[in-house]
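Notes follow once the structure below has been shown.
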Amino acid sequence: MSEPVDAACPPWCDQPTGHLQVEPAGPGDYHISAFIVIDLPEIAGIREGTAVQVAIEQYVTSTTIYDPLISLAVGDDDPDSEALTLDEADALATALSRAVTAARDAPAHPPSKQGAVPRPPAGEQP
1 MSEPVDAACP PWCDQPTGHL QVEPAGPGDY HISAFIVIDL PEIAGIREGT AVQVAIEQYV
61 TSTTIYDPLI SLAVGDDDPD SEALTLDEAD ALATALSRAV TAARDAPAHP PSKQGAVPRP
121 PAGEQP
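According to UniProt numbering, the stretch in the sequence shown is residues 1 to 126, in order.
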């Protein structure tokens, strides 16, 4: 028979000491940190106001402590979440950072006027 898994919380766990309810040969429980919630304001015509929730979760059974996962959820009311391994979350963070850098470093283009016909440069005939 396996030794019981250590029920001590990792440093990032927000739950009270002793929160794990793991039964031998029963279901497991989670260490959880509601790490951060980012409120996203409305962008007219593009999205309604919402929130992105980032959490750390780790499933524990009586015999196994699984690797922690980073959970991403979008929405205020009962959002669906996507669990990512630490390597996947790191790759996503790197990709987002690169995309932000590329967008910020690109030359600015003024917004186009819908339906407007571009004018030729001064002195040129259309």
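Ideal placement from N, C-alpha and C gives every residue a C-beta, glycine not left out.
Proximity to residue 59 across 111, 10 and 110 peaks at 10, based on C-alpha coordinates. The shortest C-alpha to C-alpha distance from residue 18 to any of 30, 92, 105 and 85 is the one to 30. For residue 15, same chain residues with a beta-carbon under 8 Å away, outside a window of 5 residues either side, are 9, 31 and 32 in chain order. Beyond the five residues adjoining it in sequence on each side, residue 94 comes within less than 6 Å, by CB distance, of no other residue in the same chain. Around residue 25, the same chain offers 62 as residues with beta carbons nearer than 8 Å, after the five sequence neighbours per side are excluded.
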